[in-house]
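Q:
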Amino acid sequence: MAEDDGGERESLAKQCHDRANELVAMERITPALQASAKRISGKSKQFLDEIALQNQREKEAAEAIESIQQLAVEPDRLAEALESFIARFPDHPFSRGFRQAIAAAPHWRAAVAWRDIRQRWGGTCRVSDPDVLAERTDDAIGYLASHHVGPLHGALRDYQRYLDKARAVLDQRGSKDRSGIVTTLKSPLLSGLLTVRMKNGRIYYVKDTDPVETRLIKEKRYLQFRYIINDKLNTSTTHVPSEEVDGGPAPAPQTRVAGEALDMVQEFEGQGWETLYLTLAERARAAKEMDPILQSILLRMFLTYASECSPAKEDAIREMIEPLEDMYLNVAWMNPGDKDAETIRKQAEQANRHIPPLALTIEAVERYAESFDESLRAYVPVGVLLGTQTSIDLPDSRQTRVILYAVASAEGRDSAFKKIGLVEDGKLKLDRAAVRAYPVGSLLFTRTESLEQPTGRAK
485 MAEDDGGERE SLAKQCHDRA NELVAMERIT PALQASAKRI SGKSKQFLDE
535 IALQNQREKE AAEAIESIQQ LAVEPDRLAE ALESFIARFP DHPFSRGFRQ
585 AIAAAPHWRA AVAWRDIRQR WGGTCRVSDP DVLAERTDDA IGYLASHHVG
635 PLHGALRDYQ RYLDKARAVL DQRGSKDRSG IVTTLKSPLL SGLLTVRMKN
685 GRIYYVKDTD PVETRLIKEK RYLQFRYIIN DKLNTSTTHV PSEEVDGGPA
735 PAPQTRVAGE ALDMVQEFEG QGWETLYLTL AERARAAKEM DPILQSILLR
785 MFLTYASECS PAKEDAIREM IEPLEDMYLN VAWMNPGDKD AETIRKQAEQ
835 ANRHIPPLAL TIEAVERYAE SFDESLRAYV PVGVLLGTQT SIDLPDSRQT
885 RVILYAVASA EGRDSAFKKI GLVEDGKLKL DRAAVRAYPV GSLLFTRTES
935 LEQPTGRAK
């Protein structure tokens, strides 16, 4: 027979045993035949006892497997149950797979431990509060110290780097750094200035407290004012023909940019720290009417902070800074008659053009910050892969379609969750090709939107 039917074997053995006993009981039978019948009776009885013992063992194994199915939500007890099963039933077809599955037990424990941490965190993985930052940092350090392997390790190491960057902005050092920016933005050269623009391109910077007067000289109108000639705010007096003035006196463009930036920095409470300095840099980059040298000074300052504090795109930001770092910007850019400034101004114009619009960079950093909600999502155990189950009771009865995952690991590499099937309307649908990579006894997980405690099991 292609398949040995235990029930048929037992029936045939019982018939053999009964017939042999009948022969033994017959009166007219030779001693030799009676002895043969007794031997047959004894052998068939022995075979029946072995079948009974096998049936009992199979029943006990089935009960043990049923108990294993119920331990899906308790990885520690599941691993102990698999080890116990192997010890009791070393020749069972599942024992070999169970031995392989037990090797993944540390990864299961790590996944469940992370589930508990994420359940406590709730909400998003992004941080904007120093106290939350401290809590998340302690949790990450403690978790990695307690679990040397696990399917979340790669993402969690990236998250630690994210937290390190958050600390640079949100803790006391970050406050001191921002105080330096505030000092710069409050500089008299960035606030409280007026400009008088000439048609020949020359620009004069005038303190808003100094008068700009109209004079009539030889029946010709002139503007008379004192303009700034250096960073110490020293001034020189001039008068220019009104007909040659292209605009002004009007607020200097850096006054608007510095005012907006100052408001952002002083009102900053942590939200959006990931793109704070990039946003400031984009405001400065977009102010094309600003003096190119001053624009380069602000861009270099904001982008340097961004390269140090941004959780992503640091290399791209550093590339933007390189042309600015090579320039000597300590010149009297505010003095329209400074020849050195005129030479540097042309270099600054070229360097500023090298910096692209930062909207795409800001979006990329935002996506990176948000990506941890996905990469550090909690996985909850819901069943055990045994090759016999046809359905899974999900922890949330409202769920009608849920993807199932198992932990895949390779020596020398982080483990990861891999999709192996799904539960649809309570029915288990496994990808047979994917399942072949996992031994029986493997823990099945699902990702749920809710972080509630799971209670489901496979059947």
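The sequence shown begins at 485 in my numbering and counts up one residue at a time.
We put the beta carbon where it would ideally sit given N, CA and C, even for glycine.
Helix, strand or coil: which one does DSSP assign to T621?
A: helix
Q: Is it the case that the Cβ atoms of L673 and Q738 are separated by a distance below 9 Å?
A: Contact: yes.
Q: Can you give the Cα-Cα distance for R503 and E494, rounded to whole angstroms?
A: Going by the C-alpha atoms only, they are around 14 Å apart.
Q: Between the Cα of G685 and the Cα atoms of A589, M785 and P820, which residue gives the shortest distance?
A: P820
Q: So what does DSSP say about L517, is it helix, strand or coil?
A: Looking at L517 - three-state DSSP - the assignment turns out to be helix.
Q: What beta strand (DSSP E) runs, 3 residues minimum, are completely inside the region 685-721?
A: 687-691, 697-701 and 704-712
Q: Return the CA-CA distance between V666 and H632, expressed in angstroms with no decimal places.
A: 44 Å
Q: On the DSSP bridge list, what partners appear for F901?
A: V891
Q: Out of curiosity, what's the CA-to-CA distance linking A770 and L869?
A: 58 Å
Q: Judging by CA-CA distance, which residue of T788, A736, W605 and T719 is the nearest neighbour of L760?
A: That would be T788, whose Cα lies nearest to the Cα of L760.
Q: Considering Cα atoms alone, identify which of L906, R541 and P776 is closest to V815.
A: P776
Q: Here's the rule: buried if 16 or more other CB atoms are within 10 angstroms of the residue's CB, otherwise exposed. What is Q499?
A: exposed
Q: Pull up the distance between the alpha-carbon of Y926 and that of A796, whole angstroms please.
A: Checking the sequence shown, residue 926 turns out to be Ser, not Tyr. Going from the Cα of S926 to the Cα of A796 covers about 36 Å.
Q: Smallest Cα separation from R620: which of M804, I601 and L636?
A: I601
Q: Would you call the region 914-925 and the region 577-587 touching, i.e. three or more CB-CB distances under 8 Å?
A: yes
Q: Going residue by residue through the region 751-825, where are the continuous beta strand (DSSP E) segments of at least 3 residues, counting only ones entirely within it?
A: Under the rule that a run must span 3 or more residues, no beta strand (DSSP E) segment is found entirely inside the region 751-825.
Q: Quick one: using the 10 Å Cβ neighbour count with 16 as the cut-off for buried, is N718 buried or exposed?
A: With fewer than 16 Cβ atoms within 10 Å of its Cβ, N718 is classed as exposed.
Q: Can you check which of these residues, L888, I712 and Q834, is closest to G676 by C-alpha distance?
A: I712
Q: Let me know the secondary structure DSSP gives K683 once reduced to three states.
A: Residue state, collapsed to three classes: coil.
Q: Buried or exposed: where does M510 fall if 16 or more other Cβ atoms within 10 Å of its Cβ makes it buried?
A: exposed
Q: Could you please give the first and the last residue of the uninterrupted beta strand (DSSP E) stretch that includes T608?
A: Taken as a continuous stretch (DSSP letters only), T608 belongs to no beta strand (DSSP E), as it is neither H nor E.
Q: Return the residue from the list A921, R681 and S630 that minimises the CA-CA distance to M818.
A: R681
Q: If we ignore side chains and look at the alpha-carbon of each, how far apart do V596 and K911 end up?
A: 24 Å
Q: Do I701 and the ligand ATP come close, with the Cβ less than 8 Å from some heavy atom?
A: Because no ligand of any kind appears in the structure shown, any question about the ligand ATP cannot be addressed here.
Q: Determine the extent of the alpha helix (DSSP H) in which G638 is found, giving its start and end residues.
A: H637 to L654
Q: Scan the region 583-607 and note each continuous alpha helix (DSSP H) run of 4 residues or more that stays entirely inside, going in chain order.
A: Counting only runs of 4 or more, we get 589-605.
Q: Please list the terminal residues of the continuous beta strand (DSSP E) segment that includes V866.
A: V864 to V868
Q: Count the CB pairs spanning the region 799-806 and the region 688-699 that are closer than 8 Å, and state whether there are at least three.
A: no
Q: Quick check on DSSP: helix, strand or coil for N931?
A: The question names Asn, but residue 931 in the sequence shown is Arg. In this structure, R931 counts as coil in the three-state DSSP scheme.
Q: Tell me, please, which residues DSSP counts as bridged to L912.
A: V907
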